[in-house]
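Residue numbers (this note's numbering): 67 to 130. Built from N, CA and C at the ideal position, the CB exists for glycine as well. Down below is the structure, laid out as structure tokens.
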């Protein structure tokens, strides 16, 4: 019987530990803002590259 109780206690402890890890944001406001700006800059660069590729394909299609 003691084993069942031990298993339940270990499960509860593991759930509490996981909940504590998931809880809360680890970044401060300025760190979060920098991360958002970085991601936005990367997306802008990708968008510019995609638009350049489309323009190049359109120009190549017009030449034919």
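DSSP, read as helix, strand or coil, puts residue 119 in helix. In this structure, residue 101 places its C-beta atom within 8 Å of the C-beta atom of residue 93. DSSP, read as helix, strand or coil, puts residue 91 in coil. Residue 98 and residue 115 have their C-alpha atoms roughly 26 Å apart.
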